[in-house]
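Protein chains in written order, with full-length UniProt numbering: chain Z, 1 to 434; chain A, 1 to 434.
Every residue gets a Cβ at the ideal spot worked out from N, C-alpha and C, and that includes glycine.
Below is one structure; the comments refer to it alone.
Protein chains: 2
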Amino acid sequence: MTKPVRVALLGCGTVGAEVVRLLHDQAADLTARIGAPIELAGIAVRRLGRDRGALPVGPAVFTTDPLGLVKRDDVDVVVEVVGGIEPARTWLVEALRAGKSVVTANKALLAEDGASLHDAAAEGGADLYYEAAVAGAIPLLRPLRESLHGDSVNRVTGIVNGTTNYILSAMDATGAGFAEALEQATELGYAEADPTADVEGFDAAAKGAILASLAFHTRVGAADVHREGITEVTAADVASAKAMGCTIKLLCIASRGPDAAGVDSVSVRVHPAMIPRTHPLAGVGDAFNAVFVEARAAGQLMFYGRGAGGAPTASAVLGDLVAVARNRLAGVRAASESAYAALPIRPMGEAVTRYHISLDVADRAGVLAAVAGVFAGHGVSIATVRQSGRGEDAELVVVTHRASDAALAATVAELRDLEHVRAIVSVLRVEGEP
Amino acid sequence: MTKPVRVALLGCGTVGAEVVRLLHDQAADLTARIGAPIELAGIAVRRLGRDRGALPVGPAVFTTDPLGLVKRDDVDVVVEVVGGIEPARTWLVEALRAGKSVVTANKALLAEDGASLHDAAAEGGADLYYEAAVAGAIPLLRPLRESLHGDSVNRVTGIVNGTTNYILSAMDATGAGFAEALEQATELGYAEADPTADVEGFDAAAKGAILASLAFHTRVGAADVHREGITEVTAADVASAKAMGCTIKLLCIASRGPDAAGVDSVSVRVHPAMIPRTHPLAGVGDAFNAVFVEARAAGQLMFYGRGAGGAPTASAVLGDLVAVARNRLAGVRAASESAYAALPIRPMGEAVTRYHISLDVADRAGVLAAVAGVFAGHGVSIATVRQSGRGEDAELVVVTHRASDAALAATVAELRDLEHVRAIVSVLRVEGEP
Chain Z
1 MTKPVRVALL GCGTVGAEVV RLLHDQAADL TARIGAPIEL AGIAVRRLGR
51 DRGALPVGPA VFTTDPLGLV KRDDVDVVVE VVGGIEPART WLVEALRAGK
101 SVVTANKALL AEDGASLHDA AAEGGADLYY EAAVAGAIPL LRPLRESLHG
151 DSVNRVTGIV NGTTNYILSA MDATGAGFAE ALEQATELGY AEADPTADVE
201 GFDAAAKGAI LASLAFHTRV GAADVHREGI TEVTAADVAS AKAMGCTIKL
251 LCIASRGPDA AGVDSVSVRV HPAMIPRTHP LAGVGDAFNA VFVEARAAGQ
301 LMFYGRGAGG APTASAVLGD LVAVARNRLA GVRAASESAY AALPIRPMGE
351 AVTRYHISLD VADRAGVLAA VAGVFAGHGV SIATVRQSGR GEDAELVVVT
401 HRASDAALAA TVAELRDLEH VRAIVSVLRV EGEP
Chain A
1 MTKPVRVALL GCGTVGAEVV RLLHDQAADL TARIGAPIEL AGIAVRRLGR
51 DRGALPVGPA VFTTDPLGLV KRDDVDVVVE VVGGIEPART WLVEALRAGK
101 SVVTANKALL AEDGASLHDA AAEGGADLYY EAAVAGAIPL LRPLRESLHG
151 DSVNRVTGIV NGTTNYILSA MDATGAGFAE ALEQATELGY AEADPTADVE
201 GFDAAAKGAI LASLAFHTRV GAADVHREGI TEVTAADVAS AKAMGCTIKL
251 LCIASRGPDA AGVDSVSVRV HPAMIPRTHP LAGVGDAFNA VFVEARAAGQ
301 LMFYGRGAGG APTASAVLGD LVAVARNRLA GVRAASESAY AALPIRPMGE
351 AVTRYHISLD VADRAGVLAA VAGVFAGHGV SIATVRQSGR GEDAELVVVT
401 HRASDAALAA TVAELRDLEH VRAIVSVLRV EGEP
């Protein structure tokens, strides 16, 4: 029998426990697929006594010393499902430098400091796989890192956060406001007690950085991503979207194109946006994730599936584990980070899209002319205007043609100070073909 | 500069010409991604003089001797986009045995005799990649061959033929009959002059065999696939489907499960079926392809994109070409065919699904009771019955609960001979959750 591949598992929460179960239940298949059995060398946890349900491992396999486990000579591969920047970075850099392959689901670390990990992997000649870090079980890493490597990706548009998609889908279906939908999501376990990372878009921004890095062969970090969450999205916004034949989704949009000076560059942004109900992403409901890719030759592709949860995430981890184990047996290393293009990041002000602006104005003659004049003054062309009088006040909804974020921001700032404009009720981007 | 990777291209039709153009236009990117330039050693064509548009290669690169080209010492990789069983098999076996990597889009050959190619690849220690053979640009090979290798795939349901999907989508949208929709598809270039391979399901069956082989780690050939085309689908069937909240698609369904004797086995079938409009595959329109995968841990995944056309297919070919070129430079070979499970093929009679049966009957008392008795006699449970009288005749539409194909076939045979049953108008399977 071939020598087993020995794995150190860091973390044993929902995902870790599922990895342990799948390793046990599918042992025969994994051995056949890899050509050698997988053995758990150890599982590092914070507390030994915690109830982890029925796991098919003895108590001796657990340790509270993750770094000690990583450094053990009998460990070939390190699987990390703890999350967070430190101490995970220290463990993984240690492992990679020592030539141990790493499989991680740690999107925050990859987006914050992927460079440290990639550099350590190059130094140690080790594999770094992270399919589970973006969109859970949906295979994206290999399609972007391999299948599309003979093509040129123009744009990646994703729904990559299940919590916010659940909330926005519920708001769309029931007409509920954000607070109510969040409460429901929390009760059903779709949102964490502190939902900040999800609803403020931090999680989606981290995934956007990873996707953009892969798609554009350029190192993109979380700090390069323009980020807006969904906490300001109201029931009225959702109703406005419906009236336009749209739905609101938290999108992560990574695109490649010329900047204002004509230099090839990358833009990554996360924000809520209206998209037409006919767009393939519009039908992605509940906590599902989907990533829409536009490439020069391949055209439009979409990848859809469960973005989170113990079993789907564990499936992605195990797929990576099979790959790195095979590579070790073959004595080879996968293609390393591809960052040769090193494209500059385009500032958010240069991002071009359409906008839906809702204004609360006094119902007087000349107001529309004044408002339209402000748009024109900043070169923002208006596609449609809808005015509904309400006695003293009127609601004015303006949808623009494509304009830069900077021009729109300047327009909104000036509108705010305009006489008879009582309030800018909302500003939402409109994505997808009109 | 690293020594170039030299490629022999067999075939220069729509796909081949696009490969040539992309190799030229993206040369710098491909070199950076591979670590060495790609060079075209030669292009084998049937006729030298044919107009191939403006291609960025000189006339000296063309040859009418494909086997001679494959055998040349300066050829590292062979790309085949000719199609058909012979002489493609001879060329590719020759290449693989000589240790030359092969990238092919030849689904017919892979489904008919994939074993010869895989065996030759093992013998020569060469790579065999064929992403373009199934669903064009949609990355499926790597997700099934790698990403899901730590998981267990239960079922693959695909729309894998663009021509028939275009025809059925048109029938659904306009109420046209099959002949009319086919004519339109031919005019628009979606169907070939001889549409047999598409409309009779041969193309989908070949792809189903390839998908099942990958998903279930078992050699599945075209002969193992139950195949029915769409030529019998009528405008009335489409209307009946609509009345049930369904649409009709040509599905390729590969599933793993116990056979009648409880033995783990594989079933692959291609046939038109009604699916609920809420199913993710129902929204796949025009000539698009999509493959829906259900895995134990990953849950539901869907892959969507263009299944055919020069550029999308060329994108898949180039992705494979980058991979095999990298492997050659690294002196390694990708994981070879995984057929260790070697599951038996379950007979079609044991396939279990629901059915929609439309009968033309005499409008007499007792007919419904007699018909219901025949279903009961074969253990086929009825879910709904709808009878619409038309004077002398009545139309009887029966939708069953899940039953085996054998039981349904026996039921239909007996119904055909029943007094007062004038005709079995149609029998369609109903897939997806009720």
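For this session: Report the three-state DSSP secondary structure of N165 of chain A (helix, strand or coil).
Result: helix
For this session: Given a cut-off of 8 Å, decide if P56 of chain A and R33 of chain A are closer than it, judged by their beta-carbon atoms.
Result: no
Problem set entry | Contacting residues, own chain, Cβ-Cβ under 7 Å from R52 of chain A (five flanking each side not counted) | C12, A17
For this session: Grab the span of the beta strand (DSSP E) containing E183 of chain A for me, first residue to last.
Result: It is not in any beta strand (DSSP E) - E183 of chain A instead sits in the alpha helix (DSSP H) that spans 178-187.
For this session: Whole angstroms is fine: what's the gap from I167 of chain Z's alpha carbon to V284 of chain Z's?
Result: 12 Å
Exercise. Going along the chain, which unbroken runs of the beta strand (DSSP E) with 3 or more residues stay wholly within the segment 339-384 of chain A?
Worked result: 352-362
Exercise. Tell me which same chain residues have a C-beta within less than 6 Å of the C-beta of D259 of chain A, skipping the five on either side of it?
Worked result: S265, R346, E350
Problem set entry | Option nearest G35 of chain A by Cα separation, candidates A:T2, A:L23, A:T63 | A:T2
Exercise. Which of helix, strand or coil does DSSP assign to A170 of chain Z?
Worked result: helix
Exercise. Counting contacts by CB-CB distance shorter than 8 Å, is Y340 of chain A in contact with chain Z?
Worked result: yes
Problem set entry | Under 8 Å between C-beta atoms of G377 of chain Z and A287 of chain Z | no
Exercise. Thinking C-alpha only, which one of A:T353, A:V412, A:S315, A:E414 is nearest D25 of chain A?
Worked result: A:S315
Exercise. Between M171 of chain Z and A235 of chain Z, which are expected to be in contact by the criterion C-beta below 8 Å, what is the C-beta distance as a whole number of angstroms?
Worked result: 7 Å
For this session: Taking the CB atoms as reference points, tell me whether V225 of chain Z and A197 of chain Z lie closer together than 8 Å.
Result: no
For this session: At 7 Å on the CB atoms, spell out the chain Z contacts of G216 of chain A, in chain order.
Result: Residue identity differs from the one stated: residue 216 of chain A is Phe in this sequence, not Gly. Ordered by position in chain Z, no residue passes the 7 Å Cβ test against F216 of chain A, which lies about 11 Å from the chain.
Exercise. To which residues of the same chain is S388 of chain A closer than 6 Å at the C-beta, ignoring the five residues directly before and after it?
Worked result: E395
Problem set entry | Residue nearest to L251 of chain Z in terms of C-alpha spacing, selected from Z:V367, Z:A369, Z:R227 | Z:R227
Exercise. Which word fits V263 of chain Z, buried or exposed, when buried means at least 16 other C-beta atoms lie within 10 angstroms of its C-beta?
Worked result: exposed
For this session: Give a yes or no on whether the C-beta atoms belonging to residue 450 of chain Z and V291 of chain Z are separated by under 8 Å.
Result: Outside the shown range of chain Z (1 to 434) lies residue 450 of chain Z, about which nothing can therefore be said.
Exercise. Just checking, does the segment 355-374 of chain Z make contact with the segment 412-427 of chain Z on the three C-beta pairs under 8 Å criterion?
Worked result: yes
Exercise. From Q300 of chain Z to H271 of chain Z, what does the alpha carbon distance come to, in whole angstroms?
Worked result: 22 Å
For this session: Tell me, to the nearest whole angstrom, how far the beta carbon of I85 of chain A is from that of F303 of chain A; I am working on the premise that it is less than 8 Å.
Result: At roughly 27 Å, the Cβ-Cβ gap does not stay under 8 Å, so I85 of chain A and F303 of chain A are not in contact.
Exercise. Are the beta-carbon atoms belonging to L9 of chain Z and I43 of chain Z less than 8 Å from one another?
Worked result: yes
Exercise. Of the residues A:A28, A:E123, A:E131, A:S152, which one's Cα is nearest the Cα of R296 of chain A?
Worked result: A:S152
Exercise. From D237 of chain A to S426 of chain A, what distance separates their C-alpha atoms?
Worked result: 7 Å
Exercise. Is the segment 126-142 of chain Z close to the segment 86-101 of chain Z, with three or more CB pairs under 8 Å?
Worked result: yes
Problem set entry | Boundaries of the alpha helix (DSSP H) in which E112 of chain A is found, first to last residue | 107-124
Problem set entry | Contact belief for E431 of chain Z with H118 of chain Z at Cβ below 8 Å, rounded distance in angstroms | Rounded, the Cβ-Cβ distance is 31 Å, inconsistent with contact.
Exercise. How long is the line joining the alpha carbons of A369 of chain A and D203 of chain A, rounded to whole angstroms?
Worked result: 42 Å
Exercise. Is it right to say residue 445 of chain Z is buried, meaning 16 or more other beta carbons lie within 10 angstroms of its own, or is it exposed?
Worked result: The structure shown has nothing for residue 445 of chain Z, since chain Z only spans 1 to 434.
Exercise. Since H149 of chain A contacts V77 of chain Z with CB under 8 Å, what's their CB separation in whole angstroms?
Worked result: With a Cβ gap of about 15 Å, H149 of chain A and V77 of chain Z do not count as contacting.
Exercise. Alpha carbon to alpha carbon, what distance is there between S381 of chain Z and G83 of chain A?
Worked result: 51 Å
Exercise. Going by other Cβ atoms of all chains shown within 10 Å of its Cβ, with 16 needed for buried, is Y190 of chain A buried or exposed?
Worked result: buried
For this session: Using a Cβ-Cβ cut-off of less than 8 Å, list which residues of the segment 20-50 of chain Z approach chain A; keep chain order.
Result: L22, Q26, D29, L30, A32, R33
Exercise. Which residues in chain Z sit within 8 Å of Q387 of chain A, going by Cβ to Cβ distance?
Worked result: Within 8 Å Cβ-Cβ: nothing; Q387 of chain A doesn't reach chain Z, min ~35 Å.
For this session: Identify every residue that forms a DSSP beta bridge with L9 of chain A.
Result: A:I43, A:V79
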